[in-house]
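Quick notes on the structure that follows.
There are 2 protein chains.
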Amino acid sequence: MSIFCFANNQIQAIDKAGVPVTDLLVQRGYGIFDFLRVAGDKPLFIDDHLDRFFHSAEKMRLTIPQTREDIKNIVKELIQKNQLTYSGIRMIIAGGDAPDGYTIEHPHLIIIQAPLAEPTIHLPETGIKLATYSYQRQIPDVKTTDYLMAVWLQPWMKQQGADDILYYYNGIISECPRSNFFLVTKENVLVTAQQNMLNGITRKNILKVCEAHSIPFQIRDININELKEAKEAFITSSTKRIIPVQQIDEFVFKSDYVSSVAKNIYELLVQLEH
Amino acid sequence: MSIFCFANNQIQAIDKAGVPVTDLLVQRGYGIFDFLRVAGDKPLFIDDHLDRFFHSAEKMRLTIPQTREDIKNIVKELIQKNQLTYSGIRMIIAGGDAPDGYTIEHPHLIIIQAPLAEPTIHLPETGIKLATYSYQRQIPDVKTTDYLMAVWLQPWMKQQGADDILYYYNGIISECPRSNFFLVTKENVLVTAQQNMLNGITRKNILKVCEAHSIPFQIRDININELKEAKEAFITSSTKRIIPVQQIDEFVFKSDYVSSVAKNIYELLVQLEH
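Chains as they are written, first to last, in this note's numbering: chain A, 970 to 1243; chain B, 970 to 1243.
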C-alpha cells in the first residue's frame, strides 16, 4: 500500500507525485522545508515548526499559498490516512515553474510523511564521532533544501571513521548539517552557537528547559579550540532529540554519559512532548 | 502541442514529466546539469558540454546511467521530435531516490529542450550593468543546480538598477551566476579568472580563438580594484556568446564597443559555430 502525500495541490499516492522538471526546485535548487516528528497521531511542536517554515519562506521570498490552518489540516489528514505508528513529516515549498527559469512566480507546497524510528526513552549511552569541516552554509538561518556539501562529504566523513560532520568557519563552530551542537564546559555550563546556524526546534526546547530548571547556559560563539577543554558535547535534532558525542576528530571525551548534563536534559525533553 | 523531454528513462511530454518528491534533487538539492545552445538541429559544442557534464557528475559522485553516445542519441531524437527553430538543451543528473534521504544510490538523467532567442549576428552595442556581491559558489568547478544565492539576489540586483551580478570573494573576482567574466586592460590584454569559477565553454572557445589569432590574454586572479583601471569588460555564456558590460557598480566604462576587443572576438566565435 502506498503512502499518501500532498503535492500538486492534492492528497495523492507518493509514488504518483512528482515535481515538474521545469520547477525552480529542480532546475535551480530553490526551495525551503521543515521536518517534524509525529508520535502516533501527534505532530510534535508543529507550531514551532510552522513558525520557522513561514520565516524560511518569507526570507526566501516564497509565498506559501496555504494558511497555517490549511497546512495543519493537511498534516492531520495525512496522519489519519497513512496510519503510521511513528513517523516524520516533511513540508517543502518549491520555487515553482518559472517561465524564464529564474523568477519566482508560483511557489507550491509539498508534504511528505514517512516512517521514522522512535527515539529511545533515555539518552543513548553510546556517543558518536564528529569530524570537523570548514564550511559555512549559505543563508544559514533558513532551512533551505541545500545539502550539497553535506551529501557530498559523506564518503569523506566515513573515511574519517565519523558518524557526522561538525561545520566551523573562521575558527568558530556553527552546527552539524542536520543538528545543532552543544558543549558542556568544565564549569558545567551548557554552550551553544549564537549565529550562522539554523535555529533548531530541539535547541529552542533545550534552552527553554534550561531556563525553567535553572540549568546554566550561554548562547555565544564557540571557538574550535574550546572543544578540547569541554567536559561533554552533544548534538540535537527533531528526529533524535539528543545524541551524545564521544569524539571530535582525534579528541575523545572522557564523560560518563550516564551522569551527564545531556541525560538530565533528555528526560526533560521527553516530558515536554507530553 | 507539448514539447518532449527525456525523464524517467523515456521520451515523454514535458508536462507529464516529474521528479519524484523523494528524490535527492528535490529533498537535498543534490544534482548537476549542463546547458547548450541548439542552432536549428545542431547542438553546439556538445562534446565540450558532455566533457564538463561527465566531470561534474564524477566529482559529485553521480554515476550517469547512459553513455555519451546514448545521451547524444537522446538529444538528437528530442531535436527531431520537437522541431524548434532555435533552442536550448538542459541535461540534468538528479541524485535520485535515497531510502535514507541522504545516500546517493540511483542517479538519473533528465533532458529538457526549450525555445531560446537566437543571439544577434554581431556583438550587442548596448552594454549591461553589473552589481558586485561578495560570495563564493560552493564546489565552483562543478555545474551544480545550486542557484540559491543567484535567485535570492534578483530583487536586490534590480534595486541596484543592475542587469546581472558579479561575484567576488576576498577581493578577487570569480564569475557571474550564469556567465564568465572578462576584462580588457589598458594595454589591450584580455584577462579572465583562473580559479573558484565554472569553466565555461564559451570562455574556453574565447581562449582558443585568442591563441589562434594571437590576441594577448592572461588567465589569473582579477582583483576587484582592477575594474576601475580596465578599458572594457564583458560576460560570456553559451546562451548569449558575449554581452558587453557598460557599468559595474558606480563605475562606467568609456569603451566604444563598436571598436572593441569584444566585437572582434564575437565575430570569431560566430565563425566557430559553423
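Here a beta-carbon is modelled for each residue, glycine too, at the ideal position from N, C-alpha and C.
It should be emphasised that the depicted structure is a prediction, and the values quoted were computed from it without experimental measurement.
Amino acids of chain B, ordered along the chain, whose beta-carbon sits closer than 7 Å to that of residue i
i, result
"Met1029 (chain A)", "Trp1121"
"Gln1107 (chain A)", "Leu1117, Met1118"
"Leu994 (chain A)", "Val995"
For residue i, three-class secondary structure by DSSP
i, result
"Lys1011 (chain B)", "strand"
"His1075 (chain A)", "coil"
"Val988 (chain A)", "strand"
"Asn1051 (chain A)", "helix"
"Asp1190 (chain B)", "coil"
"Leu1005 (chain B)", "strand"
"Asp1069 (chain B)", "coil"
"Thr1171 (chain B)", "helix"
"Ile983 (chain B)", "helix"
"Ala1162 (chain A)", "coil"
"Ile1184 (chain B)", "coil"
"Ile972 (chain B)", "coil"
"Arg1059 (chain A)", "strand"
Minimum C-alpha distance to residue i - residue among the options
i, options, result
"Phe1023 (chain A)", "A:Thr1161, A:Thr1054, A:Asp1110", "A:Asp1110"
"Asn1308 (chain B)", "B:Glu1144, B:Ala1231, B:Asn1042", "Here chain B comprises residues numbered 970 to 1243, so residue 1308 (chain B) is not present and cannot be evaluated."
"Glu1251 (chain A)", "A:Asp1003, A:Thr1101, A:Tyr999, A:Gly1009", "Chain A is shown from 970 up to 1243; residue 1251 (chain A) falls before or after that span and cannot be answered."
"Ala1162 (chain A)", "A:Ser1183, A:Trp1125, A:Leu1196", "A:Leu1196"
"Ser1183 (chain B)", "B:Ile1175, B:Asn977, B:Gln1052", "B:Ile1175"
"Gln1052 (chain B)", "B:Glu1027, B:Ser1025, B:Asp1010", "B:Asp1010"
"Glu1038 (chain A)", "A:Val1153, A:Ile1015, A:Asn1165, A:Gly1096", "A:Ile1015"
"Asp1069 (chain B)", "A:Ile1079, A:Gly1057, A:Gly1064, A:Gly1070", "A:Gly1057"
"Leu1013 (chain A)", "A:Met1029, A:Gly987, A:Val1044, A:Glu1156", "A:Val1044"
"Thr1114 (chain B)", "B:Gly1064, B:Phe1151, B:Val1230, B:His1243", "B:Gly1064"
"Ile1081 (chain A)", "A:Lys1028, A:Ile1108, A:Leu1005", "A:Leu1005"
"Gln1187 (chain A)", "A:Ile1204, A:Asn1157, A:Gly1169", "A:Asn1157"
"Asn1165 (chain A)", "A:Leu1152, A:Leu1159, A:Pro1146, A:Val1178", "A:Pro1146"
"Gln1129 (chain A)", "A:Ile1217, A:Ser1025, A:Gly998", "A:Ile1217"
"Pro1124 (chain A)", "B:Ile1062, B:Lys1028, B:Ser1103", "B:Lys1028"
"Thr1030 (chain B)", "B:Ile1001, B:Lys1041, B:Ala1231, B:Ile1134", "The sequence shown places Arg at residue 1030 (chain B), rather than the Thr named in the question. The option with the nearest alpha carbon to Arg1030 (chain B) is B:Ile1001."
"Cys974 (chain B)", "B:Glu1046, B:Leu1135, B:Lys1200", "B:Glu1046"
"Lys1127 (chain B)", "B:Leu1117, B:Tyr1104, B:Ile1097, B:Arg1210", "B:Ile1097"
"Pro1084 (chain B)", "B:Leu1238, B:Tyr1071, B:Arg1059, B:Tyr1116", "B:Arg1059"
"His1018 (chain A)", "A:Leu1122, A:Val1120, A:Ile1170, A:Ile1142", "A:Ile1170"
"Leu1167 (chain B)", "B:Arg1021, B:Ala1086, B:Ile1212, B:Ala1067", "B:Arg1021"
Residue i: contacting residues in chain A (beta-carbon distance under 9 Å)
i, result
"Ala1100 (chain B)", "Result: empty, since nearest Cβ-Cβ is about 16 Å, beyond 9 Å."
"Pro1124 (chain B)", "Arg1030"
"Thr1072 (chain B)", "Val1120, Gln1123"
"Ile983 (chain B)", "Pro989, Val990, Thr991"
Burial state of residue i (16 or more Cβ within 10 Å)
i, result
"Gln996 (chain B)", "buried"
"Thr1032 (chain B)", "exposed"
"Asp992 (chain B)", "buried"
"Lys1112 (chain B)", "buried"
"Ser971 (chain A)", "exposed"
"Ala1181 (chain B)", "exposed"
"Gly1140 (chain A)", "exposed"
"Asn1149 (chain B)", "buried"
"Ser1207 (chain A)", "buried"
"Tyr1055 (chain B)", "exposed"
"Ser1025 (chain A)", "buried"
"Ala1202 (chain A)", "buried"
"Lys1232 (chain B)", "buried"
"Val1221 (chain A)", "exposed"
"Ile1134 (chain A)", "buried"
"Ile1204 (chain A)", "buried"
"Thr1036 (chain A)", "exposed"
"His1243 (chain B)", "exposed"
"Ile1090 (chain B)", "exposed"
"Ser1229 (chain B)", "buried"
Proximal chain A residues relative to residue i, where beta-carbon distance stays under 7 Å
i, result
"Arg997 (chain B)", "Thr1114, Tyr1116, Val1120"
"Lys974 (chain B)", "Reading the sequence as shown, one finds Cys at residue 974 (chain B) and not Lys. Val990, listed in chain order."
Listed by chain order, chain A residues near residue i by CB distance under 8 Å
i, result
"Gly987 (chain B)", "Ala986, Gly987, Val988, Pro989, Val990"
Interface partners of residue i on chain B, CB under 9 Å
i, result
"Ile1081 (chain A)", "Val990, Thr991, Gln996"
heavy atom of the ligand HEM below 7 Å from residue i C-beta
i, result
"Ala1083 (chain B)", "Ligands are entirely absent from the displayed structure, and the ligand HEM is therefore not among its contents."
Contact with chain C by residue i, beta-carbon distance below 8 Å
i, result
"Pro1088 (chain B)", "Looking at the structure shown, chain C is missing, and the protein chains on hand are A and B."
- Message: Extract the residue ranges of the alpha helix (DSSP H) inside the segment 1197-1229 of chain B, only unbroken runs of 4 or more that lie entirely within it.
- Response: none
- What residue ranges within the segment 1072-1158 of chain B form continuous beta strand (DSSP E) runs of no fewer than 3 residues, ordered along the chain? 1077-1084, 1097-1103, 1133-1138, 1141-1144, 1149-1153
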